[in-house]
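Below you'll find the structure, written out as structure tokens, and then a few comments.
Next comes the structure, spelled out in structure tokens:
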């Protein structure tokens with residue numbers, strides 16, 4: 005076994021868990037839709053975004069392997085998504101063409117990215133890369149969902165499972181490069197020996 009084997013294994017496990025967190029997205033969509041209905045008004049966008057964001061934030065925290073702090077991350081995700089969906093959906097007049105959803109996604113991702121960046125642990129390296137990536141990845145999520153034939157004209161609060169898998173897989177790669185490793189018990193190897201433990 006080479007010295008890099010534990011690090012590679014730790015990366016694979018962390019990435020797979022984060023990617024599996026895409027399951028929080030459809031749950032968030034159902035929750036947002038149940039509470040706020042279709043995203044066809046500013047109030048529906050704000051409330052639906054807050055609810056969906058809280059669910060997504062909680063899901064991401066659960067699959068982060070202890071590298072994210074629960075309360076700041078969940079709150080930031082809820083607020084960022086609520087305000088982002090409100091602003092993005094309003095800018096495009098609550099329309100659901102591919103172009104409209106790309107713009108809405110980019111605006112939502114911008115607000116979400118800034119909020120989540122501020123909630124990242126203090127030891128996070130190059131934290132603003134996260135904020136820069138979120139508009140692109142959020143727009144990509146809506147693009148994949150639309151091209152997959154999901155009836156986006158029903159004005160969902162969040163993109164579907166196909167977009168969520170794409171988003172989670174790509175954002176997981178970025179997160180691995182930014183976040184410190186999860187701490188481990190004394191006498192065991194850290195998940196990534198190249199960075200300092202966060203906990």
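Numbering (my numbering), first residue to last: 5 to 203. All residues carry an ideal CB built from backbone N, CA and C; glycine is no exception. Keep in mind that this is a model prediction, so the values were computed, not measured.
From the listed residues 175, 181 and 182, the smallest Cα separation to residue 23 is found for 175. For residue 39, same chain residues with a beta-carbon under 8 Å away, outside a window of 5 residues either side, are 51, 52 and 55 in chain order. With distances taken between CA atoms, residue 112 lies nearest to 139 out of 166, 139 and 131. Annotation: the continuous alpha helix (DSSP H) that includes residue 29 extends over 28-40. The continuous alpha helix (DSSP H) containing residue 172 extends over residues 165-182.
By the CB criterion at 8 Å, residue 93 and residue 108 fall inside the cutoff.
In chain order, 49, 53 and 112 place their CB closer than 6 Å to the CB of residue 89, counting only its own chain and leaving out the 5 sequence neighbours on each side. Boundaries of the alpha helix (DSSP H) around residue 123: 102-123.
In this structure the region 69-86 does not lie against the region 94-102, because fewer than three pairs of beta carbons, one per stretch, are closer than 8 Å. Rounded to whole angstroms, the gap between the alpha carbons of residue 16 and residue 162 is 27 Å. Residue 126 sits in coil when the DSSP states are folded into three classes, being neither helix nor strand. Between residue 26 and residue 148, the C-beta spacing is not below 8 Å. Burial is judged here by how many other beta carbons sit within 10 angstroms of a residue's own beta carbon; residue 33 has at least 16 and is buried.
DSSP, read as helix, strand or coil, puts residue 155 in coil. Our two residues, residue 30 and residue 159, have alpha carbons roughly 14 Å apart in a direct line. Straight-line measurement puts the Cα of residue 133 at about 26 Å from the Cα of residue 150. In terms of Cβ geometry, residue 146 and residue 118 do not form a close pair [threshold 8 Å]. Secondary structure note for residue 95: its alpha helix (DSSP H) is the uninterrupted segment 74-95. The alpha-carbon separation between residue 135 and residue 178 amounts to approximately 11 Å.
Comparing alpha carbon positions, the residue from 166, 35, 87 and 91 closest to residue 60 is 35.
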